[in-house]
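Heads up, the thing below is written out as structure tokens.
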Amino acid sequence: MMTLDQLKQVRQDLANGIIISRSQWVKVLNAAIEAKADTVKIWNDWHGGPSPVERDDLVHYVLRDGYSGVARSWTLSWGHDETGSDIVKYEVIK
Numbered sequence: 217m218m219t220l221d222q223l224k225q226v227r228q229d230l231a232n233g234i235i236i237s238r239s240q241w242v243k244v245l246n247a248a249i250e251a252k253a254d255t256v257k258i259w260n261d262w263h264g265g266p267s268p269v270e271r272d273d274l275v276h277y278v279l280r281d282g283y284s285g286v287a288r289s290w291t292l293s294w295g296h297d298e299t300g301s302d303i304v305k306y307e308v309i310k
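The following block contains the structure:
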């Protein structure tokens, strides 16, 4: 596995026009995927109802109209009335 410093060096090399082999590129991609595995967002689809999270949880949400934001769970309307303001996806940030 490549370290973060090695990944940064490859990024700099590519920016400077240095060509890398296919096998080197595969190593870089695999290392980047492994490094990001812990930071992948876990979105939950939502179809309305009572709040699915704790009252004080910090939630990143997406509305039916595409707007997204971050708020405490208790400040959001979790029910659905088939309008653009319905929450359709959320993730807990805590």
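Residues in the sequence shown are numbered consecutively from 217, following my numbering. Glycine residues also receive a C-beta, built at the ideal position from the N, C-alpha and C atoms. Keep in mind the model is a prediction, meaning the values are calculated, not measured.
Does the separation of the CB atoms of residue i and residue j fall below 8 Å?
{"i": "residue 263", "j": "residue 307", "result": "no"}
{"i": "residue 279", "j": "residue 300", "result": "yes"}
{"i": "residue 269", "j": "residue 244", "result": "no"}
In whole angstroms, give me the CA-to-CA distance for residue i and residue j.
{"i": "residue 265", "j": "residue 292", "result": "12 Å"}
{"i": "residue 303", "j": "residue 272", "result": "17 Å"}
{"i": "residue 223", "j": "residue 258", "result": "25 Å"}
{"i": "residue 367", "j": "residue 267", "result": "It is not possible to answer for residue 367, since the shown part of the chain is limited to 217 through 310."}
{"i": "residue 213", "j": "residue 229", "result": "Nothing about residue 213 can be read from this structure; the chain reaches only from 217 to 310."}
{"i": "residue 295", "j": "residue 283", "result": "17 Å"}
{"i": "residue 219", "j": "residue 297", "result": "49 Å"}
{"i": "residue 286", "j": "residue 309", "result": "9 Å"}
{"i": "residue 221", "j": "residue 281", "result": "41 Å"}
What first and last residue would you give for the alpha helix (DSSP H) that runs through residue i?
{"i": "residue 226", "result": "220-231"}
Would you mind reading off the limits of the beta strand (DSSP E) that contains residue i?
{"i": "residue 303", "result": "303-308"}
{"i": "residue 296", "result": "Neither: residue 296 is in no beta strand (DSSP E) and is coded neither H nor E."}
Since residue i and residue j are thought to touch, with beta carbons under 8 Å apart, how far apart are those beta carbons, to the nearest angstrom?
{"i": "residue 246", "j": "residue 305", "result": "Not confirmed; about 29 Å, so no contact."}
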